[in-house]
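Chemist: Just dropping this structure here.
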Amino acid sequence: MAVLVIAEHAHGALSDATHKVVTAALKFGGDVDVLVAGENAGAVAPAAARISGVRKVLKAEGETLRKQTAEAMEALVVPLMAGYDAVFIAATTTGKNIAPRIAAKLDVMQLSEIVEVVDQSTFVRPIYAGNAIMTVKSSDAKKVITVRGTAFPAAGNDGSASVEDLAAPAAQSRSEFVSEEMVKSDRPELTAAKRIVSGGRALGSSDKFKEVIIPLADKLGAAVGASRAAVDAGYAPNDYQVGQTGKIVAPELYIAVGISGAIQHLAGMKDSKIIVAINKDEEAPIFQVADYGLVGDLFVAVPELTRSL
Amino acid sequence: MKVLVPVKRVIDYNVKVRVKPDQTGVDLANVKMSMNPFDEISVEEAVRMKEAGIATEVVVVSIGPQQAQETIRTALAMGADRGILIKTDAMVEPLAVAKLLAKVAADEKPDLVLLGKQAIDDDSNQTGQMLAALLDWPQGTFAYKIEKDGDALKVTREVDGGLQTVKLQTPAVVTVDLRLNEPRYASLPNIMKAKKKEIAEKSPADYGVDITPRLTVVKVTEPAARSGGVKVEDVAALVAKLKTAGAV
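Quick note, the sequences are listed as chains A and B, same order.
Under the working numbering, the first sequence has 81 at position 81, and the numbering climbs by one with no breaks.
Under the working numbering, the second sequence has 1009 at position 9, and the numbering climbs by one with no breaks.
Listed below in structure tokens is the structure:
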């Protein structure tokens, strides 16, 4: 048995999500190899080699792989799968973009966002925005799996795997990277943050969102999140979205400000350790999952909370 | 440019899902069904492309039971030109859906297949990417903006950390995200007009695709319930609670 984990990395740094995926892969069993592909793979590979339990690291750099486009990653990974029983990748926008492409080429029905490995063919995954939990058995010979990071602890860093070079695939002429516009932020990334302050539609405007949410997040060293309603209304960028169609988070502390708590939002944050809800509607469903609920005007309560910390 | 838009009939966005007591699945009897919300966005985008003179024809396809015809009618009322219903009462997994769509694409020869990024029932987020792989077409997932650029398409994608723009030669597959547009409501005259639009009926066998599931559902259960906590009187009480819990 051997499993290939596709590493997630950006700006020369290995993402913590990779450590979590390795934990899931080790649970599956067999030898676990990590593929680091793309820009700065050389700089990232040593960090991947230190992940506990990893047998070897495969490194592939080259112009075609630079931005890990799905087409290039498919061309790189599909031939490698002759030597592996499963491929595991984080259920991030990168992983979600790549994995089904590999699965279709292997004629495998992918298992998306698993939260538990039961055995080598049985996995648990949420459906209907987490309102139902499905245990499912795959009859495919090889498994293609995306992993929900919040469901697995990160593997340690006491490994010393060897690093091997792989050749990058030939140029993909029909799809090319043009540009990217990344939000520059000193804040922790949402899915890795220990604390999150999230704002909802009750904030009323993009300016108020910034004025109320940001100081509290700054004070707590927290990441900033938003409900789908707030994103829809243009108060916050899509990248902030927590929920079924956004990011799934499970921080130590989640503060929901002016968020009513639609099931689609709860799906993204209900595994947080401590949930605080601040909302003026005492009937808001968010209070049903909050450890501490404060019924009141957020425009008064949040600045006061910021000052009190 | 011809645009193919696959749509899925799913449990309505606002319905509270109930797990069946025998753990075989989710109760769909007498539950309101609607078009998958992300598919509404893809239909809207295709119709806007037609209105802008970029698309010449918008063909909608759905795979599902007879009632999926209503989902197609909804898309036709929004402005799509004609529909294809691939009728089956079986559970069709994303891989099989992608195989069927690849056959439809071979028949229809669209320049663009525009899909929702995920269906809100099984939350798989696979079909578009699988279809692109099967056709060996370039893909642009989670679209925030789609622009025509000569013979190519420039797709700006929602990615972790921001936005990424890729240029795809057509034919291509694009999956849409939330912020791409706000779908319209069909007007009554358009709903009436849609009744006269053509819907071809097919079966998976017509396309020679084996839709046998690869996954077997062992059980479906309720998620672990999270019990609500306490209400606090004021900010001071909240801070005290958080300090005691070691959260701040």
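Using N, Cα and C, we set each Cβ at its ideal position, and we do this for glycine too.
List, from N- to C-terminal side, the alpha helix (DSSP H) runs of 4 residues or more that fit wholly inside the segment 1095 to 1178 of chain B.
Modeler: Runs of the alpha helix (DSSP H) inside the segment 1095 to 1178 of chain B: 1127 to 1135.
Chemist: What residues from chain A crowd round VAL1230 (chain B), counting only those whose CB sits closer than 8 Å?
Modeler: Near VAL1230 (chain B) (Cβ distances below 8 Å), the residues of chain A are ASP291, TYR292, GLY293.
Chemist: May I ask you to report which of helix, strand or coil DSSP gives ILE51 (chain A)?
Modeler: Residue state, collapsed to three classes: coil.
Chemist: Looking at C-alpha atoms only, which residue of B:MET1078, B:ASP1012, B:PRO1006 is the closest neighbour of TYR1185 (chain B)?
Modeler: Nearest of B:MET1078, B:ASP1012, B:PRO1006 to TYR1185 (chain B), Cα basis: B:MET1078.
Chemist: Here's a check: name, in chain order, each residue in its chain whose Cβ is nearer than 8 Å to the Cβ of GLN1067 (chain B), leaving out the five neighbours to either side.
Modeler: Excluding sequence neighbours, GLN1067 (chain B) sits near ARG1009, MET1033.
Chemist: Tell me which residues share the same chain as VAL1047 (chain B) and place their Cβ nearer than 7 Å to its Cβ, disregarding the 5 neighbours each side in the sequence.
Modeler: Cβ neighbours of VAL1047 (chain B) beyond the five flanking positions: VAL1058, MET1078, GLY1079, ALA1080.
Chemist: Could you pull the start and end residues of the beta strand (DSSP E) that GLU180 (chain A) belongs to?
Modeler: Counting along the chain, the beta strand (DSSP E) containing GLU180 (chain A) begins and ends at 175 to 182.
Chemist: Hey, how far is the Cα of LEU1242 (chain B) from the Cα of GLN1169 (chain B)?
Modeler: LEU1242 (chain B) and GLN1169 (chain B): Cα-Cα distance of roughly 54 Å.
Chemist: For the alpha helix (DSSP H) that THR1071 (chain B) lies in, which residues bound it at each end?
Modeler: Residues 1068 to 1078.
Chemist: Once the 5 residues before and after ALA256 (chain A) are set aside, which same chain residues still bring their CB inside 6 Å of it?
Modeler: Here the set comprises SER198, ALA277, ILE286.
Chemist: Can GLN244 (chain A) and GLY268 (chain A) be called in contact, C-beta distance under 8 Å?
Modeler: Closer than 8 Å, so yes.
Chemist: In angstroms, rounded to a whole number, what distance separates the CA positions of LEU58 (chain A) and LYS280 (chain A)?
Modeler: LEU58 (chain A) and LYS280 (chain A): Cα-Cα distance of roughly 53 Å.
Chemist: Looking at the C-beta of ALA1247 (chain B), does it have a partner C-beta in chain C at a distance below 8 Å?
Modeler: The structure shown has no chain C; the protein chains it does contain are A and B.
Chemist: With a CB to CB cut of under 6 Å and the five nearest residues on each side skipped, what residues in its chain are close to LYS273 (chain A)?
Modeler: For LYS273 (chain A), where only same-chain residues beyond five positions count, the Cβ hits under 6 Å are GLU252.
Chemist: Residues of the segment 1121 to 1135 of chain B with a CB closer than 7 Å to any CB of chain A: list them in chain order, please.
Modeler: Here the close residues are ASP1121, ASP1122, ASP1123, SER1124, ASN1125, GLN1126, GLN1129, MET1130, ALA1132, ALA1133, LEU1134.
Chemist: Could you please give me the residues that DSSP links to PRO1006 (chain B) through a beta bridge?
Modeler: Paired residue(s): B:VAL1061.
Chemist: Using a Cβ-Cβ cutoff of less than 6 Å, which residues in the same chain neighbour GLY130 (chain A) once the five nearest sequence positions on both sides are dropped?
Modeler: Same-chain partners within the cutoff: ALA267.
Chemist: Kindly indicate the opening and closing residues of the alpha helix (DSSP H) around PHE123 (chain A).
Modeler: Looking at the DSSP string, PHE123 (chain A) is not in any alpha helix (DSSP H); the run it does join, the beta strand (DSSP E), is 122 to 127.
Chemist: Closer than 7 Å by beta-carbon distance: list the chain A residues that pair up with ARG1271 (chain B), in chain order.
Modeler: Outside the shown range of chain B, which is 1001 to 1248, sits residue 1271 (chain B), and nothing can be said about it.
Chemist: Looking at C-alpha atoms only, which residue of A:ALA167, A:ALA99, A:ASN97, A:TYR235 is the closest neighbour of GLY258 (chain A)?
Modeler: Closest option to GLY258 (chain A), Cα to Cα, is A:TYR235.
Chemist: Just how far apart, CA to CA, sit LEU1163 (chain B) and ARG307 (chain A)?
Modeler: Rounded to whole angstroms, LEU1163 (chain B) to ARG307 (chain A) spans 34 Å at the Cα level.
Chemist: For a cutoff of 8 Å on Cβ pairs, would you count LYS104 (chain A) as touching chain B?
Modeler: Checking the displayed sequence, the identity of residue 104 (chain A) turns out to be Ala instead of Lys. For ALA104 (chain A), the answer is yes, since a Cβ of chain B falls inside 8 Å of its Cβ.
Chemist: So which residues of chain A does GLY1162 (chain B) contact, with C-beta pairs closer than 7 Å?
Modeler: Per Cβ cutoff of 7 Å: GLU180, GLU181, MET182, VAL183, ASP239.
Chemist: Would you mind working out which of B:GLN1023, B:ILE1041, B:ASN1036, B:MET1035 sits nearest GLU1182 (chain B), comparing C-alpha positions?
Modeler: Of the listed residues, the one whose Cα sits closest to GLU1182 (chain B) is B:ILE1041.
Chemist: Are the C-beta of ARG66 (chain A) and some C-beta of chain B separated by less than 8 Å?
Modeler: By this cut-off, ARG66 (chain A) is not an interface position.
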